[in-house]
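*Asks:* I'd like to ask you about the structure that follows.
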Amino acid sequence: MPFFLINVQAGTVLEPPQATVSGTVTDTSGNPLAGVNLVVESKNIGTISDFDGSFSINAGPTDVLIFSMVGFKSLTVPIVGREEVIVQLEEDVTVLGEVVLNAGYYSVSEKERTGNIATIKADIIEKQPVANPLAAMQGHMSGVNIVQDTGVPGGGFSIEVRGRNFINGVSDPLFIVDGVPFGSQSMGVARLSNQIVGGNISPLNAINPNDIESIEVLKDADATAIYGSRGANGVVLITTKKGKAGKTRFDAQLSTSLGQVSHFLDLMNTEQYLQVRREGISNDGYDSFLENPAFSFYWPDLTLWDQDRYTDWQKELIGGTAYRNNAQLSISGGSDRTQFLVSGGYQKETTVFPGDFRYKKANLNSTVNHRSKDGRFGISLSTSYTHEDNKLPTEDFTANAYSLEPNAPEIYDEDGNLNWENNTWDNPLAGLEEEYAAVSKTLISNAVVSYKIMDHLELKSSLGFTSYQLDTHRAMPSSATNPLYGLTPQNYSYLMTNASQRESWIIEPQLNWKREWDNFSVDILMGTTFQQETTEQLVLRGRGFPNNGLLYNLGAAQNIDILSNADGEYRYNAVFGRVNLKFLDRYILNLTGRRDGSSRFGPGKQFGNFGAIGVAWLFSGEGFIGTNSLLSHGKLRGSYGTTGSDNIGDYRYLDTYTVTGNDYDGTTILEPTGLFNPEFGWEENRKLEMALELGFFKDRLLLNSSWYRNRSSNQLVGIPLAATTGFSELTGNFDALVENSGFEFDLRSVNFQSNTFTWSTTVNLTIPKNKLVEFDGLDNSTFANRYVIGQPLSIVKLYHALGVDPETGQYRFEDFNGDDEIGSPEDRQWIEDLAPKFYGGLGNSIRFGNLTLDAFFQFKKQKAYNTVRFDATPGYKGNYHVDLLDRWMEPGDTNPYQRPSAGFGGGTNLGAFQQESNAAVSDASFIRLRNISLGYELPTNEQGPDINIYVQGQNLWTWTEYKGPDPEEPSSTRLPPLRQITLGLQLSF
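Position in the sequence shown (from 1) plus 226 gives the number in this note's numbering.
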């Protein structure tokens, strides 16, 4: 009989026998919780709860399990010999110490951050039916002003973080996607796409909002200085979703959206229009010519077209319904050491325009995270690829919708062909014969490799690569023109193409040392950056084709012009560091610094030093704050530092030339475009901030308030040159100072919380102020007509309208220079500021059982151009706003609009001055229901799938007294943002 000999040495402690302990983790409502961290106290053993809340772990009968999860209170559970443990975690209103914010090169808890970091999470992003990450951010973040440029699919957005810092150059922040810098600048060409998407083809459209886990915006010096010159306008960090440990999980989502223009202008009907039109011709002294057929081509709307016909061109041209279908599928899972996620999406969207136009996008995203058994080695790989295909008309139909005569002819004749009405008008749907197309391919890949050399020292390197390719074309066949002009494929038809590419790689080795003692901790980070970006662009135009069927074959063109052939290379190198000191968990000091090197400056000017200091005092931890105090969190923080900018383009310090595509006597022309100037250097932005953060009632009410002041100097602008030099400007540093200051407030509250009902509220408010503090020699510069010292950069200088002269019926204006004439720049001294006075958002989230309701309102106090900017004189050919009916008609009238004119009277066109006056600017403040979402989770058994149905609305309602197209995008030539309703289904198992 075999036997075992057990040798026990003196002093050996026998471990209790280990067994598998299993169980489930739920919330207080009984819903299973996935991703809960479980550790055996005092042992290096841990696991994560599965999709259905289940877990299993090896532990002894006397061990203690610790359960923790962000958003829930940690729970300590003794095993006491049990083999099954059922656990319920209680929701924590806000655990500031566990809410981790991405600060780029490091992470920091919301409680201990010394910088200003705004964030928006996936739970908010997912409830918005949008296709661009910037659209999901609108109104949700203090200090971040985002405006949608157009309602056309594939269009772009403009973004400013704490205002405009520099006189020249772009104001876009730095975008970082999973640690990789991502170029957000459009590579579109204005002559191809300006008339349909405003020239702004946003690369950010390639990022699927459904793939985003969080977006952080770094605003102050403490948060941005570690990015040096790239962080002058702020930093936007986009983090995509990663896999979580547990059983393999499938998530599917299907949705369909309907979109329409939310507001039409009040335009004149046929009777009103024709009355004013005849009045204008009569006032010009040409009414006797109306009966002469020889002059009918001047006014076909009065003599040749049906006088009783009426067409609402807004409904015809922009009154359609845009449909968007979206499908998403993801697969995720893994073990506690290796997790993965693979997701894909497909979107198809049409337009409100007539015709078969559509925008299609397909994307694939994958991530893999792995950590070795001993926890020392880690690797993370992420890759995303997006293909976009956008087919649109070459011109936005919005301008025609607002201006076409209400009695204009039928679009099609009896045979279904385009109706030219005996060549008396330009048929707006002739544009359907033309085509604009944009195809883009975007690749973003990143790898992060880390190794813990010792317990407190970690070596990490981030490697990233991005590729963005854009191919656009604009086809203009002769068949889209009025036959009156006699244009043919041989003398008119042309094809314009743009082939652009931007590639970038980056390598960032980093060394991080952390050490904690009883009352003191140190976190030191050092790293370096190597980055290179190359751009290529080729713009061609082919003219004269044998027929329109060969229009898309450049080889068939009689003439091929090279409009632009450019390539650039940008190299960037930096060293950076951070030292974070914490004493008694209450006193925090954060030091960041960076030395940048850029190829955009000449020898001796290529390097710049930037840094910041941030401090925080958690006074709620002091002894004078009692444990039973209503104040649960109190922090004073401040920061000061410098960032810079090299955002001026490549090769600006060198003598540069460009090939124009033209020739002289058969010789290709080289045109000089830049003068050698190696002396200009970095722009600098000095940032100062003070902030107070308060939490009450165990952080059920959180209020953050901050004051900031950013001062940008050493401005890189074009120094004007005399015309005899052959150059308009020389790039250099101007001694100008721009200041942005303001207050920001963020409030979060949990108004009511129980097992079945929860109601929470968020509010943010920004009160910005921008001004030009200094500008040496401004009065003698070309900027004298644009800027005024002491005023914002966003001002416009206008004529001062004095109303209509009751005797003459003509507009009057203030003669600022006293020369008895109106029209010189000296008479444009009235100042209006078009930047918002304040803006923000208000959100409420309600959960009742399986039902959730989220509503978010955006508000903004501002001025904008109104309809006077479009038309100020009634009587011209083309429709206009009904307000112009309130016109002067006889001496003594005090109406706001001058006497009608058809433009034949000669003399000065005072209506044009009125369009450039303060009368063309009015209040455009608004409150908008930006988003509302109603969702219901269908009850299922524990083994069944999670099913959620939802309906969402975007831009459903707007309160405003503004009479233009849209208070946020007041243009008369661009489609305003659409009102959208979405119905969707989510399925998880």
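Backbone N, C-alpha and C define an ideal beta-carbon position, used for all residues, glycine too.
Could you tell me if Y866 is buried or exposed, where buried requires 16 or more neighbouring beta carbons within 10 angstroms of its beta carbon?
*Replies:* Walking along the sequence shown from the start, residue 866 turns up at place 640. Answer is buried; the Cβ neighbour count reaches 16.
*Asks:* With distances taken Cα to Cα, identify the nearest neighbour of F1042 among L418, E1052, V999, T1034.
*Replies:* Working through the sequence shown from its first residue, we reach residue 1042 at position 816. Among L418, E1052, V999, T1034, the Cα nearest to that of F1042 is on E1052.
*Asks:* Ordered along the chain, which non-local residues of its own chain (more than five positions away) have a Cβ less than 6 Å from that of I1173?
*Replies:* Against the sequence shown, residue 1173 aligns to sequence position 947. Answer for I1173: L1164, L1213, listed in chain order.
*Asks:* Relative to the C-alpha of T899, which residue among A792, S455, P359 is closest?
*Replies:* Along the sequence shown, read from residue 1 onward, the residue named residue 899 stands at position 673. Residue A792 is the option with its Cα nearest to T899.
*Asks:* Tell me which same chain residues have a C-beta within less than 6 Å of the C-beta of R935, skipping the five on either side of it?
*Replies:* The residue you call residue 935 lines up with position 709 of the sequence shown. Contacts found: L914, S967.
*Asks:* I need the DSSP call for I895, collapsed to helix, strand or coil.
*Replies:* The residue you call residue 895 lines up with position 669 of the sequence shown. Reduced to three states, the DSSP call for I895 is strand.
*Asks:* Can we count W1185 as close to the ligand COA, meaning its CB is less than 7 Å from some heavy atom?
*Replies:* This structure lacks the ligand COA, and indeed carries no ligand of any kind.
*Asks:* Tell me whether the region 597-614 and the region 644-660 touch, counting them as touching only if at least three CB pairs, one residue from each stretch, are closer than 8 Å.
*Replies:* no
*Asks:* Between the alpha carbons of L920 and V805, how many angstroms are there, rounded?
*Replies:* Sequence index remark: in the sequence shown, residue 920 carries index 694 (1-based). Sequence index remark: in the sequence shown, residue 805 carries index 579 (1-based). Cα to Cα, L920 sits roughly 26 Å from V805.
*Asks:* Quick one: what does DSSP say Q1055 is sitting in, helix, strand or coil?
*Replies:* Stepping through the sequence shown from its first residue, residue 1055 is reached at position 829. Q1055 falls in the coil class under three-state DSSP.
*Asks:* Cα separation between D448 and A1145?
*Replies:* On the sequence shown, residue 448 is found 222 positions in, with the first residue counted as 1. On the sequence shown, residue 1145 is found 919 positions in, with the first residue counted as 1. Each residue's alpha carbon lies about 44 Å from the other.
*Asks:* Can you tell me whether DSSP reads E439 as helix, strand or coil?
*Replies:* Position 213 of the sequence shown, counted from the start, is the residue given in the question as residue 439. In this structure, E439 counts as strand in the three-state DSSP scheme.
*Asks:* Taking DSSP as the reference, what is the three-state secondary structure of D1031?
*Replies:* Counted from its first residue, the sequence shown places residue 1031 at position 805. Looking at D1031 - three-state DSSP - the assignment turns out to be coil, as it is neither helix nor strand.
*Asks:* Would you mind working out which of E317, T288, Y536, E497 sits nearest V306, comparing C-alpha positions?
*Replies:* Counting from 1 along the sequence shown, the entry for residue 306 is found at position 80. Considering only alpha carbons, the answer is T288.
*Asks:* Just to confirm, is the Cβ distance from R220 to A838 under 8 Å?
*Replies:* This structure does not reach residue 220, given that the chain is present from 227 up to 1215, and the question cannot be answered.
*Asks:* Under three-state DSSP, which class holds Q486?
*Replies:* Residue 486 sits at position 260 when you count from the first residue of the sequence shown. Note: Q486 maps to strand in three-state DSSP.
*Asks:* Counting C-beta neighbours from all protein chains within 10 Å, is the total for K337 16 or more, i.e. buried, or is it exposed?
*Replies:* If you number the sequence shown from 1, residue 337 lands on position 111. With 16 or more other Cβ atoms within 10 Å, it is buried.
*Asks:* Taking the C-alpha atoms as reference points, what is the distance between N371 and P1117?
*Replies:* Here residue 371 refers to the residue found at position 145 of the sequence shown. Here residue 1117 refers to the residue found at position 891 of the sequence shown. Cα to Cα, N371 sits roughly 48 Å from P1117.
*Asks:* Between which two residues does the beta strand (DSSP E) carrying S282 extend?
*Replies:* By one-based count along the sequence shown, residue 282 stands at place 56. Residues 280-285.
*Asks:* Which full runs of the alpha helix (DSSP H) of 4+ residues lie inside the region 637-704, going along the chain?
*Replies:* none
*Asks:* Counting C-beta neighbours from all protein chains within 10 Å, is the total for M702 16 or more, i.e. buried, or is it exposed?
*Replies:* Position 476 of the sequence shown, counted from the start, is the residue given in the question as residue 702. Per the 10 Å Cβ criterion, buried.
*Asks:* In three-state DSSP terms, what is Q501?
*Replies:* Locating residue 501 in the sequence shown gives position 275, counting from the first residue. Note: Q501 maps to helix in three-state DSSP.
*Asks:* Thinking just about the alpha-carbon of each residue, which of D744, G1170, I1153 is nearest to the one in W1183?
*Replies:* Within the sequence shown, the letter at position 957 stands for residue 1183. Closest option to W1183, Cα to Cα, is I1153.
*Asks:* Provide the residue span of the beta strand (DSSP E) that contains E542, from first to last.
*Replies:* Here residue 542 refers to the residue found at position 316 when the sequence shown is read from its first residue. Where E542 is concerned, there is no enclosing beta strand (DSSP E), although the alpha helix (DSSP H) it sits in stretches over 539-544.
*Asks:* Please list, in chain order, all residues of the same chain as N381 whose beta carbon is under 6 Å from its beta carbon, the five residues on each side excluded.
*Replies:* For the purposes of this step, residue 381 is identified with residue 155 of the sequence shown, where counting begins at 1. It should be noted that the sequence gives Gly, not Asn, for residue 381. These residues qualify, in order along the chain: D375, V423.
*Asks:* Which residue spans inside the region 782-859 form an unbroken alpha helix (DSSP H) run of at least 4?
*Replies:* none
*Asks:* Using only the alpha-carbon positions, how far apart do T529 and I637 sit?
*Replies:* For the purposes of this step, residue 529 is taken as the residue at position 303 of the sequence shown. For the purposes of this step, residue 637 is taken as the residue at position 411 of the sequence shown. Using only the alpha carbons, I get a separation of about 19 Å.
*Asks:* If you follow the beta strand (DSSP E) that A245 is in, where does it begin and where does it stop?
*Replies:* Here residue 245 corresponds to residue number 19 of the sequence shown, with the count starting at 1. It spans 245-253 - the beta strand (DSSP E) in which A245 sits, taken as one unbroken run.
*Asks:* Report the rounded CA-to-CA distance for L776 versus K617, giving the unit in angstroms.
*Replies:* Residue mapping note: residue 776 aligns to position 550 of the sequence shown, counting from 1. Residue mapping note: residue 617 aligns to position 391 of the sequence shown, counting from 1. Whole-angstrom Cα-Cα distance: 19 Å.
*Asks:* Would you mind reading off the limits of the alpha helix (DSSP H) that contains D349?
*Replies:* Along the sequence shown, read from residue 1 onward, the residue named residue 349 stands at position 123. From DSSP, the alpha helix (DSSP H) with D349 extends over 348-351.
*Asks:* Below 8 Å on the Cβ atoms is my contact criterion, and I expect A1061 with I1158 to pass it. Report the Cβ-Cβ distance as a whole number of Å.
*Replies:* As a working mapping, residue 1061 is identified with position 835 in the sequence shown. As a working mapping, residue 1158 is identified with position 932 in the sequence shown. Actually they are not in contact, since the Cβ atoms of A1061 and I1158 sit about 28 Å apart, beyond 8 Å.
*Asks:* For P1196 versus A1098, is the C-beta spacing smaller than 8 Å?
*Replies:* Position 970 of the sequence shown, counted from the start, is the residue given in the question as residue 1196. Position 872 of the sequence shown, counted from the start, is the residue given in the question as residue 1098. No, Cβ-Cβ distance for P1196 and A1098 is not below 8 Å.
*Asks:* Can you name, in chain order, every residue of its own chain whose Cβ lies under 6 Å from the Cβ of L555, other than the five neighbours on each side?
*Replies:* Here residue 555 refers to the residue found at position 329 of the sequence shown. Excluding sequence neighbours, L555 sits near A478, G570.
*Asks:* Please classify T894 as buried or exposed, where buried requires at least 16 other C-beta atoms within 10 Å of its C-beta.
*Replies:* Residue mapping note: residue 894 aligns to position 668 of the sequence shown, counting from 1. Exposed is the call here.
*Asks:* Near V1220, which residues of its chain fall below 6 Å by C-beta distance, leaving aside the five closest residues on each side in sequence?
*Replies:* Absent from the model: residue 1220. The displayed extent of the chain is 227 to 1215, so no value can be given.
*Asks:* Out of K1023, K269, P994, P1100, state which residue places its alpha-carbon closest to the alpha-carbon of G1137.
*Replies:* Position 911 of the sequence shown, counting from 1, holds the residue named residue 1137. When only C-alpha atoms are compared, the closest one is P1100.
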